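Quick note on numbering: this note's numbering labels position 188 of the sequence shown as 188, and the sequence is numbered without any gaps. The C-beta atom is built at its ideal place from N, Cα and C for all residues, glycine as well. Owing to the predicted nature of the structure, the values given are computational and were not obtained by experimental measurement.
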Amino acid sequence: MEPVTIPDIIENQKRFFQSGATKDIRFRQEQLKKLHGIIRREEGFIIDALKKDMAKPTLEAYASEIAVTLNEIKYAFKNLASWSRVRRVMTTLPLLPSGSFTVPEPLGVVLIVAPWNYPFQLTMVPLAAAMAAGNCALIKPSELAPYTGMAIEELVARYLDPGYVSVVNGGPDVSKELLAQRFDHIFFTGSARVARIIMQAASRYLTPVTLELGGKSPCIVDRDVKIEYAARRITWAKFFNAGQTCVAPDYLLVDEHIRDKFVDALKKTIIRFYGTDPKESPYYARIINRSHFDRLLSYMDQGNIIIGGQALAQDLYIAPTLMDNMAVTSPVMQEEIFGPILPVITYREFPDALDFVNSRPKPLALYLFTSDNKKQDRVREGTSSGGYCINDALVQLVSPYLPFGGVGESGMGLYHGKAGFDTFSHMKSIVRNTLHYDIPLRYVPYRFKLGLVKWLF
Ligand code: NAD
């Protein structure tokens, strides 16, 4: 009979893990290959679900949810045999004649809790990493993207052994029940508020956590910039998925010398991309639900609208909007916007921009647009952020070669590519001595050995 309760599912997964099946590298490769095949085959079904949840344009759904996931799976498939190998490391002199080694071992049964904004990618990429590292996984998609959540549940149930991978759909109640169980790792993507609940619950069993959070990611636009290109890249990055992206530029810090020209270029680009009535554009997504819609609308009164500002509740539509004249203490400049509203503030001198960034919590992403290499280095050295992207935005998360994660308030832990494999592994240290002979230096009586011990260390 199928397991039904959450404890049953976890018990079943623990048994599956203890069978040792997931330790076999070939098993992991086969399962990743299978997952890759399922996603390719069911691409249309997944994109449909994403459309039902938030009217994601097909290209955006494909690129950000399907392609990124397939890429990660392929990369893990190709490299996991090498990542999993026992490696010899240097042996320190006092340990001789022993040899020293490291080997990554799977953690066991892991819980993956996902948000709604990229509801497929943000469950599947962690899942691929957990599988590559040899774990069993229980996935809790977001209740705010119910069609995608159900699609994930259906596909996993149809194609994967429930002892290996299972999906439980539901909201905070289900999360609460899950968090009362013992897992070997919790991988959470979502808000800093819920992350605190997760971490507190995890402390009961000392369960390690990865927290992939968000926050306000600043975007600095220096005077030494090619305005047209910067405006295009920023407009694309901000209004992709209607701004509901953890690494979307949250607000602009623009050099006051180019402010007017730059805002002009942004306005033109918005119209070029989405037309004079973006509501009619097939390339523009909708807000996930009414409560986020209302939250976003409330920001509009906190400053002056430069372009946009139109909204339609029954369609959950908010036009791409630029704002200025907000107080830096207002909610729109304090909370993560997570929608298609882009506040523009200006700075006089470059160090002022850095001071502004440094006076706030460490962001998940920091963007700088400038051709000046010295300024690029200054920002790298003078600020701290999860990632730093120069003359572009959003793109840093598509590469499996780049670890992805926050720092401080924007999260802890990393994934994508090898970093994901490492997150879901324990790196075991091994010392191997020989039984062919025994050096008595360490044994009592110590008498005259101190000098030799000092020399050895
Ligand atoms: P959220 O924190 O509200 O929800 C995330 C998950 O936590 C959902 O599955 C939800 O059901 C669950 N949850 C909600 N309340 C809970 C509770 N009381 N106890 C246990 N679990 C609970 O986040 P969201 O609104 O889905 O997503 C938006 C946030 O996620 C933004 O802050 C965004 O920046 C962040 N985010 C980060 C990344 C990243 O990769 N760093 C990616 C996407 C989104």
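Exercise for the section: Specify the secondary structure class of residue 272 as computed by DSSP and reduced to three states. Expected result: Stepping through the sequence shown from its first residue, residue 272 is reached at position 272. Helix at residue 272.
Exercise for the section: Could you tell me how far apart the beta carbons of residue 175 and residue 113 are, in whole angstroms, since I believe they sit closer than 8 Å? Expected result: Locating residue 175 in the sequence shown gives position 175, where the first residue counts as 1. Locating residue 113 in the sequence shown gives position 113, where the first residue counts as 1. With a Cβ gap of about 6 Å, residue 175 and residue 113 count as contacting.
Problem - Reference residue 303; option with closest CA among 321, 291 and 287 - result: Your numbering for residue 303 matches position 303 in the sequence shown. Checked all of 321, 291 and 287; the closest Cα to residue 303 is 321.
Handout entry: residue 438 in three-state terms, based on DSSP
Key = One-based indexing of the sequence shown puts residue 438 at position 438. Coil at residue 438, not helix or strand.
Handout entry: Environment of residue 355 [buried if 16+ CB atoms lie within 10 Å]
Key = Working through the sequence shown from its first residue, we reach residue 355 at position 355. That one is exposed.
Exercise for the section: Give the single residue among 134, 71 and 65 whose Cα lies nearest to the Cα of residue 19. Expected result: Against the sequence shown, residue 19 aligns to sequence position 19. Selected option, being the one with the closest Cα: 134.
Problem - Check: residue 140 C-beta below 8 Å from any heavy atom of the ligand NAD - result: By one-based count along the sequence shown, residue 140 stands at place 140. Checking every heavy atom of the ligand NAD against the Cβ of residue 140, one is found closer than 8 Å.
Problem - Helix, strand or coil at residue 324 according to DSSP, with G and I counted as helix - result: Translated into the one-based positions of the sequence shown, residue 324 becomes position 324. Residue 324 falls in the strand class under three-state DSSP.
Handout entry: Reduced DSSP secondary structure (H/G/I, E/B, other) of residue 165
Key = Here the question's residue 165 lines up with position 165 in the sequence shown. If DSSP states are grouped into helix, strand and coil, residue 165 belongs with the strands.
Practice task
Could you name each continuous beta strand (DSSP E) segment of 3 residues or more that falls completely within the stretch 81-144, going from the start of the chain to the end?
Solution key: 87-89, 99-106, 109-113 and 136-140
Exercise for the section: Could you tell me which of 225, 34 and 104 sits nearest to residue 82, measuring between CA atoms? Expected result: Position 82 of the sequence shown, counted from the first residue, corresponds to residue 82. Comparing Cα-Cα distances from residue 82 to each of 225, 34 and 104, the minimum goes to 104.
Exercise for the section: Tell me whether residue 432 sits in a helix, a strand or coil according to DSSP, three-state version. Expected result: Stepping through the sequence shown from its first residue, residue 432 is reached at position 432. Of the three classes helix, strand and coil, the one that applies to residue 432 here is strand, per DSSP.
Exercise for the section: Closer than 6 Å by C-beta to residue 299: which residues in its own chain qualify, once you throw out the five before and the five after it? Chain order, please. Expected result: For the purposes of this step, residue 299 is taken as residue 299 along the sequence shown, with counting starting at 1. Here the set comprises 332 and 341.
Exercise for the section: Take the Cβ of residue 460 as the centre, count every other Cβ of all protein chains shown within 10 Å, and call the residue buried at 16 or more, exposed below. Expected result: Beyond the ends of the chain as shown, which are 1 and 457, falls residue 460; an answer cannot be given.
Practice task
Assuming residue 250 contacts residue 218 (C-beta within less than 8 Å), just tell me the rounded distance between them.
Solution key: For the purposes of this step, residue 250 is taken as residue 250 along the sequence shown, with counting starting at 1. For the purposes of this step, residue 218 is taken as residue 218 along the sequence shown, with counting starting at 1. Sure, about 7 Å apart at Cβ, within 8 Å.
Exercise for the section: Starting from the C-beta of residue 381, find all residues in its chain whose C-beta is less than 6 Å away, skip the five residues before and the five after it, and write them out in chain order. Expected result: Here residue 381 corresponds to residue number 381 of the sequence shown, with the count starting at 1. Contacts found: none.
Handout entry: Cβ separation of residue 169 and residue 141, assumed to be a contact under 8 Å, to the nearest whole Å
Key = Within the sequence shown, residue 169 is the residue found at index 169, counting from 1. Within the sequence shown, residue 141 is the residue found at index 141, counting from 1. Sure, about 6 Å apart at Cβ, within 8 Å.
Exercise for the section: Could you check the C-alpha separation between residue 371 and residue 227 for me, to the nearest Å? Expected result: Numbered from 1 along the sequence shown, position 371 holds the residue referred to as residue 371. Numbered from 1 along the sequence shown, position 227 holds the residue referred to as residue 227. Computed Cα separation, rounded: 11 Å.
Practice task
Indicate whether residue 369 and residue 230 have their beta-carbon atoms separated by less than 9 Å.
Solution key: Position 369 of the sequence shown, counted from the start, is the residue given in the question as residue 369. Position 230 of the sequence shown, counted from the start, is the residue given in the question as residue 230. Yes, these two residues count as a Cβ contact at 9 Å.
Handout entry: Sub-9 Å separation of residue 490 and residue 402 beta-carbons
Key = This structure does not reach residue 490, given that the chain is present from 1 up to 457, and the question cannot be answered.
Exercise for the section: List the DSSP bridge partners of residue 278. Expected result: As a first step, residue 278 is located in the sequence shown; it is residue number 278 there, counting from the start. Paired residues: none, contrary to the question.
Practice task
Over the uninterrupted beta strand (DSSP E) stretch that includes residue 185, give me the two end residues.
Solution key: Here residue 185 is taken as the residue at index 185 of the sequence shown, counted from 1. Element bounds for residue 185: 185-189.
Problem - Cβ-Cβ distance between residue 237 and residue 211 below 9 Å - result: The count along the sequence shown starts at 1 and reaches residue 237 at position 237. The count along the sequence shown starts at 1 and reaches residue 211 at position 211. Not in contact: residue 237 and residue 211 (Cβ atoms no closer than 9 Å).
Handout entry: Backbone CA spacing between residue 158 and residue 39 [nearest angstrom]
Key = Translated into positions along the sequence shown, residue 158 becomes position 158. Translated into positions along the sequence shown, residue 39 becomes position 39. Going by the C-alpha atoms only, they are around 12 Å apart.
Practice task
Give the DSSP-derived three-state secondary structure of residue 225 in the structure shown.
Solution key: Counting from 1 along the sequence shown, the entry for residue 225 is found at position 225. It is coil, neither helix nor strand.
Handout entry: Delimiting residues of the beta strand (DSSP E) encompassing residue 387
Key = Sequence index remark: in the sequence shown, residue 387 carries index 387 (1-based). Its beta strand (DSSP E) spans residues 387-390.
Practice task
Report yes if the C-beta distance between residue 347 and residue 264 is below 9 Å; otherwise report no.
Solution key: Taking the first residue of the sequence shown as 1, we reach residue 347 at position 347. Taking the first residue of the sequence shown as 1, we reach residue 264 at position 264. Result no, Cβ atoms of residue 347 and residue 264 do not sit closer than 9 Å.
Handout entry: Per DSSP, cross-strand counterpart(s) of residue 255
Key = Taking the first residue of the sequence shown as 1, we reach residue 255 at position 255. Answer is 347, bridged to residue 255.
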